[in-house]
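The sequence shown: position 170 = 170 (UniProt numbering), numbered continuously.
Idealized CB from N, CA, C, for every residue including glycine.
Bear in mind that the values here come from a model prediction, so they are computed numbers and not experimental data.
Take a look at the structure below.
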Amino acid sequence: MATYAIGDIQGCYDEFRRLLDHIEFDPANDKLWSVGDLVNRGPGSLAVLRWLKALGDNAVVVLGNHDLHLLALAAGNPRQAKKHTMDDVLTAPDRDELLDWLRHRPLLHHSDHKRFAMIHAGLAPQWDLAQARACAQEVEVALRGPGHIDFLNAMYGDQPDQWSDDLSGMERLRFITNCLTRLRWCTADGRLLLHEKSLPGTEPDGVLPWYKVPGRASRETRILFGHWSTLGYIAEHNVWALDTGCVWGGSLTAVSVRRKKPIKVYDLDCTGHQAPG
Numbered sequence: 001m002a003t004y005a006i007g008d009i010q011g012c013y014d015e016f017r018r019l020l021d022h023i024e025f026d027p028a029n030d031k032l033w034s035v036g037d038l039v040n041r042g043p044g045s046l047a048v049l050r051w052l053k054a055l056g057d058n059a060v061v062v063l064g065n066h067d068l069h070l071l072a073l074a075a076g077n078p079r080q081a082k083k084h085t086m087d088d089v090l091t092a093p094d095r096d097e098l099l100d101w102l103r104h105r106p107l108l109h110h111s112d113h114k115r116f117a118m119i120h121a122g123l124a125p126q127w128d129l130a131q132a133r134a135c136a137q138e139v140e141v142a143l144r145g146p147g148h149i150d151f152l153n154a155m156y157g158d159q160p161d162q163w164s165d166d167l168s169g170m171e172r173l174r175f176i177t178n179c180l181t182r183l184r185w186c187t188a189d190g191r192l193l194l195h196e197k198s199l200p201g202t203e204p205d206g207v208l209p210w211y212k213v214p215g216r217a218s219r220e221t222r223i224l225f226g227h228w229s230t231l232g233y234i235a236e237h238n239v240w241a242l243d244t245g246c247v248w249g250g251s252l253t254a255v256s257v258r259r260k261k262p263i264k265v266y267d268l269d270c271t272g273h274q275a276p277g
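Here you go:
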C-alpha cells in the first residue's frame with residue numbers, strides 16, 4: 001500500500017486522472033492525500049468531487065479556500081455570487097451528497113504513522129502541531145454543525161490578522177480559517193499579510209513566507225501544503241509545497257509520502273484553461 005499526496009487540482013480532472021495513471025495508483029489499496037482546492041477554474045470540478053468521494057476512506061482531503069468558496073456559494077452567501085466554474089456541481093443531481101461530504105472534510109490532517117501533517121495554506125507561526133490541530137478542529141465543528149450556514153456567511157474578512165489566545169467567537173474562527181486556507185506571507189512577528197501579492201523572491205523587506213518566520217513553533221513537524229502556485233514545488237524548512245499551477249498551464253504534482261525514505265516526486269505537464277488574473 002502506497003500513500004501519495006497531490007497538489008491543487010482545481011477542477012483539472014483529465015490531468016488528475018492522467019497523473020494517477022502515471023503513478024499507477026491503485027484505488028483499492030493505495031491512499032491519496034489532497035492538499036485541497038479540488039474545485040473551480042478548471043472544467044471538471046464535479047468529476048473531481050465524485051471521484052474522490054467514491055474513493056471512500058482511501059481519500060484524505062483537507063479543505064482549501066476554493067472548496068470553502070463552493071460551500072459558501074451553495075449556502076447562499078451573496079458575496080460569492082460572482083464568476084466561477086462550479087455550476088456543474090451546484091446543478092448536479094447528487095449536489096447535496098457531494099457538498100455534505102465536502103463540508104465534513106478536515107482542515108488539517110496528521111498521520112502518526114507517516115509522521116506528516118497536511119494543510120492547504122499555512123500555519124500561524126505561534127502554533128505548534130498540537131495547537132494547530134486543536135484550532136482546525138474548532139473550525140471543523142462549526143462547519144459540520146447546525147450553524148454552518150452562519151459560519152459560511154461570516155468567515156470572510158482579513159481581521160484579526162494576528163493570533164492571540166484571547167480571540168473568541170467568529171473572530172477566532174475567521175483567523176484560523178484564514179491561516180489554514182489563505183495564508184502565504186507573514187511579518188517576522190507573525191502578522192498575516194493576506195493581500196501581499198509579491199512573487200517569491202521579490203517580497204519587500206520584513207515580508208516572509210509563513211514557513212520561514214524565525215522561531216516558527218511548528219518547525220519540527222513535516223508539513224505538506226498547496227495554495228501557492230507561484231512558489232511551485234519546494235522542499236525546505238521541513239515543508240513541501242505541492243501547488244505547481246496545473247490550472248495555469250503549469251504542472252500537477254504528486255509525491256510518495258514515506259515515513260523514513262525521502263519523498264519521491266511525480267510531475268505531469270498540464271494544459272492551462274485560463275491565464276492567471
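- Separation of ASP88 and ILE234 (C-alpha to C-alpha, rounded to the nearest whole angstrom) is 33 Å.
- The closest CA to that of LEU152, considering only ALA74, LEU208, SER256, ALA92, is found on ALA74.
- Note on geometry: alpha-carbon atoms of PRO209 and TRP185 lie some 5 Å from one another.
- Counting only the Cα atoms, ASN40 lies some 31 Å from SER168.
- By the Cβ neighbour-count rule, SER164 is exposed, with fewer than 16 other Cβ atoms within 10 Å of its own.
- HIS237 and PRO106 have their C-alpha atoms some 24 Å from each other.
- As the crow flies, the alpha-carbon of ASP112 is around 27 Å from that of ASP100.
- According to the DSSP assignment, SER45 belongs to the alpha helix (DSSP H) that extends over 45 to 54.
- The beta carbon of PRO160 sits closer than 7 Å to the beta carbons of LEU167, GLU171, PHE175 from its chain, once the five residues preceding and following it are set aside; these are given in chain order.
- The shortest CA-to-CA distance from ALA47 to any of ALA72, ASN77, ASP94, LYS264 is the one to ASP94.
- The three-state secondary structure of TRP163, taken from DSSP, is coil.
- Secondary structure note for GLU203: it is in no beta strand (DSSP E), with a DSSP letter that is neither H nor E.
- Just so you know, the alpha carbons of LEU32 and ALA2 end up roughly 9 Å apart.
- The region 144 to 151 makes no contact with the region 215 to 223, as fewer than three CB pairs between them are under 8 Å.
- Counting other Cβ atoms within 10 Å of its Cβ, LEU192 reaches 16 or more and is therefore classed as buried.
- For TYR233, the secondary structure class from DSSP, reduced to helix, strand or coil, is coil.
- Contact annotation: GLY36 and VAL61 have beta-carbon atoms nearer than 8 Å.
- The beta carbon of GLY64 sits closer than 6 Å to those of GLY36, ASP37, HIS120, THR181, all from its chain and outside the five residues before and after it, given in chain order.
- Burial check for ASN29: the Cβ neighbour count within 10 Å stays below 16, so the residue is exposed.
- Membership of ALA74 in the alpha helix (DSSP H) is indicated by the continuous run 65 to 74.
- Separation of ASN178 and LYS260 (C-alpha to C-alpha, rounded to the nearest whole angstrom) is 32 Å.
- Closest option to SER251, judged by alpha-carbon separation, among TYR4, PHE16, LYS83: PHE16.
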